[in-house]
Amino acid sequence: MSFTISEIAEIVGGEVVGADPSATVTGFDFDSRVQRSGAGFVALSDDRDG
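Taking the working numbering, the leading residue of the sequence shown gets 1, the next gets one more, and so forth.
This is how it looks when you write it as structure tokens:
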């Protein structure tokens with residue numbers, strides 16, 4: 001499943017700033033060390049965060 005950045009912003013009640021709203025996101029990554037092409041990054045809080 002894929003979504004445009006504009007669709008994701010609408011789903012989460014946000015707005016697109018500084019990005020192409022028609023760009024497609026094909027998945028999500030939670031580890032910044034392993035970023036796949038076409039994936040959006042979601043930062044999660046953890047005890048190890050600085």
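Backbone N, C-alpha and C fix where the C-beta goes; we use that ideal spot for every residue, glycine too.
Measuring CB to CB, does residue i end up less than 9 Å from residue j?
{"i": "I5", "j": "G38", "result": "no"}
Could you tell me which residues DSSP pairs with residue i in its beta bridges?
{"i": "A39", "result": "G27"}
Using the C-alpha atoms, what's the distance from residue j back to residue i?
{"i": "D53", "j": "S22", "result": "What the structure shows of the chain is the stretch from 1 to 50, and residue 53 is not part of that stretch, so it cannot be assessed."}
{"i": "E10", "j": "D31", "result": "24 Å"}
{"i": "F3", "j": "V42", "result": "15 Å"}
{"i": "R36", "j": "D29", "result": "7 Å"}
Kindly indicate the opening and closing residues of the alpha helix (DSSP H) around residue i.
{"i": "E7", "result": "I5 to V12"}
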